[in-house]
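Just below is one structure, and these are the notes that go with it.
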Amino acid sequence: MSVFDPLGLASPVLITGKCMLQDIWRSGIDWDETIEADAHKKWLKWVNDIKKLASIRIPRCISPGHTEGGATFSLIAGKARVAPLKVISIPRLELQAALLGARLASSILTEIELNVTRKIFWTDSRTVLSWIRSDPRSFKPFVAHRLAELEEHTTVKCWRWVPTKLNVADDATRDPPTHFDETHRWFHGPDFLRKSEDEWPQETVESERPTGEERSCTTLTLVNKEDSQVVPNVSRFSSWTRLLRSTARVLQAIDLFRVKRKVNALKHKRTATKTSSDPTWKHISKKAHTPAQKDNRNLKRTIGTL
59 MSVFDPLGLA
69 SPVLITGKCM
79 LQDIWRSGID
89 WDETIEADAH
99 KKWLKWVNDI
109 KKLASIRIPR
119 CISPGHTEGG
129 ATFSLIAGKA
139 RVAPLKVISI
149 PRLELQAALL
159 GARLASSILT
169 EIELNVTRKI
179 FWTDSRTVLS
189 WIRSDPRSFK
199 PFVAHRLAEL
209 EEHTTVKCWR
219 WVPTKLNVAD
229 DATRDPPTHF
239 DETHRWFHGP
249 DFLRKSEDEW
259 PQETVESERP
269 TGEERSCTTL
279 TLVNKEDSQV
289 VPNVSRFSSW
299 TRLLRSTARV
309 LQAIDLFRVK
319 RKVNALKHKR
329 TATKTSSDPT
339 WKHISKKAHT
349 PAQKDNRNLK
359 RTIGTL
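And the structure:
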């Protein structure tokens, strides 16, 4: 027995089979092993439920000629997916569902030959609504990429909040309905759509702020890096003249290492004198013995050795 449902019209019933198959995969059972008795019982019940789909007659007219000033509602297509085996947070799953609906709407509008002047998307997740109303660049890649794609298919004004109990899309995420026929709300939408737009569900409280775990943060660290000079150890020299001469050679070697083309290396060696190192030691001495400064308690503070 097989069910051909490319439009997802029977998703509230068929999704149960996908969930059972995923549970069997999660249990680690092999293909040639017998499934547990409880799983087998659920499977037989589901097979019996899908047999009832053959008696359902779904009206496919989506643009009636005469509405007498009223409104008609029809299901064109539906989509439902099971949550992946990898654990994902509920807000992320709800964001995936919002994107799934936006993609489906774009596909439908591409195929049907109707002039659609307005689109409305419903979600019962206040977190997803707050994400949609925020800048995608402020989130981590998972959320940011999906919000960016949502912007391609929809606008912020398209999205509205609906209470969970009135969310028809949830019918495809729960246990299969006891009575699933052409009168089910899955095919005709919630009752509030038939009322004035002023009577539609309204957000009575402030939307949830984006959770910190999804926010993209940048940490800046400021380091006060002192200007250090590569100079010989002072304690190893017995005179000022020898210290200057050794410092000049160190500075000369540094210059040679920095020069890619070591042309005139001999000339550099001959012209290096101790006078070139004298300003270096003056700079080091000045930094090591800065003038004392008075603080707010009239105490003198200095950096270096007294």
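Just so we're aligned: the sequence shown equals residues 59 to 364 in my numbering. Each residue gets a CB set at the ideal place from its N, CA and C atoms; glycine is no exception.
> Within 10 angstroms of its Cβ, does S85 collect 16 or more other Cβ (buried), or is it exposed?
Replying inline: In the sequence shown, residue 85 corresponds to position 27, counting from 1. With fewer than 16 Cβ atoms within 10 Å of its Cβ, S85 is classed as exposed.
> Out of N106, C216, A129, I120, which has the shortest C-alpha to C-alpha gap to A156?
Replying inline: Locating residue 156 in the sequence shown gives position 98, where the first residue counts as 1. Nearest option by C-alpha distance: C216.
>> What does the Cβ neighbour count give for F315, buried or exposed, with the cut at 16 atoms within 10 Å?
In response: The residue labelled residue 315 in the question sits at position 257 within the sequence shown. With fewer than 16 Cβ atoms within 10 Å of its Cβ, F315 is classed as exposed.
>> Less than 8 Å between the C-beta atoms of T222 and D249, yes or no?
In response: Here residue 222 corresponds to residue number 164 of the sequence shown, with the count starting at 1. Here residue 249 corresponds to residue number 191 of the sequence shown, with the count starting at 1. Taking 8 Å as the Cβ cut-off, T222 and D249 do not qualify as a contacting pair.
>> Here's a check: name, in chain order, each residue in its chain whose Cβ is nearer than 8 Å to the Cβ of V201, leaving out the five neighbours to either side.
In response: Taking the sequence shown and counting its residues from 1, one reaches residue 201 at position 143. Around V201: R150, L153, W189, P194, E272.
> The alpha helix (DSSP H) spanning R51 covers which residue range?
Replying inline: Outside the shown range of the chain, which is 59 to 364, sits residue 51, and nothing can be said about it.
> Using a Cβ-Cβ cut-off of 8 Å (strictly less than) and excluding sequence neighbours within five positions of H326, which residues of its own chain qualify?
Replying inline: Counting from one through the sequence shown, the residue named residue 326 turns up at place 268. Here H326 scores only 49 on pLDDT, less than 50, and its place in the model should not be relied on; the value that follows carries that caveat. Contacts found: Q310, D313, L314.
> Would you say the region 65 to 82 touches the region 128 to 139, given that touching needs at least three Cβ pairs under 8 Å?
Replying inline: yes
> Looking at T212 and K177, is the spacing between their C-beta atoms short of 8 Å?
Replying inline: In the sequence shown, the residue the question calls residue 177 occupies position 119. In the sequence shown, the residue the question calls residue 212 occupies position 154. The answer is yes: Cβ separation under 8 Å.
>> Tell me the residue span of the alpha helix (DSSP H) that contains F245.
In response: Here residue 245 corresponds to residue number 187 of the sequence shown, with the count starting at 1. That run of the alpha helix (DSSP H) goes 243 to 246.
> On the premise that W180 lies in contact with N225, defined as a C-beta separation below 8 Å, what is that separation, rounded to the nearest angstrom?
Replying inline: The count along the sequence shown starts at 1 and reaches residue 225 at position 167. The count along the sequence shown starts at 1 and reaches residue 180 at position 122. Confirmed, Cβ separation roughly 7 Å.
>> I'd like the ranges of any alpha helix (DSSP H) spanning at least 4 consecutive residues and lying wholly in the region 148 to 218.
In response: 148 to 169, 184 to 190, 199 to 211
> Which whole-angstrom value describes the C-beta separation of M78 and A97, a residue pair presumed to lie in contact below a C-beta threshold of 8 Å?
Replying inline: By one-based count along the sequence shown, residue 78 stands at place 20. By one-based count along the sequence shown, residue 97 stands at place 39. About 7 Å separates the two Cβ atoms, so the contact holds.
> Which residues in the same chain as D228 place their Cβ atom closer than 8 Å to its Cβ, once the five residues preceding and following it in sequence are excluded?
Replying inline: As a first step, residue 228 must be located in the sequence shown, where it is residue number 170. Closer than 8 Å at Cβ, skipping near neighbours: D182, T222.
> Can you give the Cα-Cα distance for I108 and S192, rounded to whole angstroms?
Replying inline: As a first step, residue 108 must be located in the sequence shown, where it is residue number 50. As a first step, residue 192 must be located in the sequence shown, where it is residue number 134. Each residue's alpha carbon lies about 42 Å from the other.
> D239 and I114: beta carbons closer than 8 Å?
Replying inline: As a first step, residue 239 must be located in the sequence shown, where it is residue number 181. As a first step, residue 114 must be located in the sequence shown, where it is residue number 56. Against a cut-off of 8 Å, the Cβ pair of I114 and D239 comes out as a contact.
> How is the alpha helix (DSSP H) around Q80 delimited, first residue to last?
Replying inline: Working through the sequence shown from its first residue, we reach residue 80 at position 22. That run of the alpha helix (DSSP H) goes 69 to 85.
> Who pairs with R273 in a beta bridge, going by DSSP?
Replying inline: Here residue 273 refers to the residue found at position 215 of the sequence shown. Bridge partners of R273: F197.
> For K100, which residues from the same chain have a beta carbon less than 8 Å from its beta carbon, with the 5 sequence-adjacent residues on both sides left out?
Replying inline: Residue 100 sits at position 42 when you count from the first residue of the sequence shown. Hits under 8 Å: M78.
>> Which same chain residues end up closer than 7 Å to W104 when comparing Cβ atoms and leaving out the 5 residues on each side of it in sequence?
In response: Numbered from its first residue, the sequence shown carries residue 104 at position 46. For W104, where only same-chain residues beyond five positions count, the Cβ hits under 7 Å are T74, G75, M78.
> Applying the criterion that 16 or more other CB atoms from any shown protein chain within 10 Å of the CB defines a buried residue, is L324 buried or exposed?
Replying inline: As a working note, residue 324 is residue 266 in the sequence shown. Only weak support is given to the placement of L324: the predicted model assigns it a pLDDT of 49, under 50, and the value that follows is read from those uncertain coordinates. Classification of L324: exposed, given that the 10 Å Cβ count is below 16.
> In whole angstroms, what is the alpha-carbon distance linking R328 and R307?
Replying inline: Numbered from 1 along the sequence shown, position 270 holds the residue referred to as residue 328. Numbered from 1 along the sequence shown, position 249 holds the residue referred to as residue 307. With a pLDDT of 45 at R328, under the threshold of 50, the modelled position of this residue cannot be trusted, and the question is left open.
>> Does V61 come out as helix, strand or coil in the three-state DSSP assignment?
In response: Numbered from its first residue, the sequence shown carries residue 61 at position 3. V61: coil per DSSP, three-state reduction.
> Using the C-alpha atoms, what's the distance from L208 back to T175?
Replying inline: Translated into the one-based positions of the sequence shown, residue 175 becomes position 117. Translated into the one-based positions of the sequence shown, residue 208 becomes position 150. Answer to the nearest angstrom: the Cα atoms are 19 Å apart.
> Between R84 and chain B, is there a C-beta pair that is closer than 8 Å?
Replying inline: Among the chains of the structure shown, chain B does not appear; only one protein chain is present.
> Which residues in the same chain as L364 place their Cβ atom closer than 6 Å to its Cβ, once the five residues preceding and following it in sequence are excluded?
Replying inline: Your numbering for residue 364 matches position 306 in the sequence shown. Any reading at L364 is ruled out, since the residue's pLDDT is 47, under 50, leaving its predicted position unreliable.
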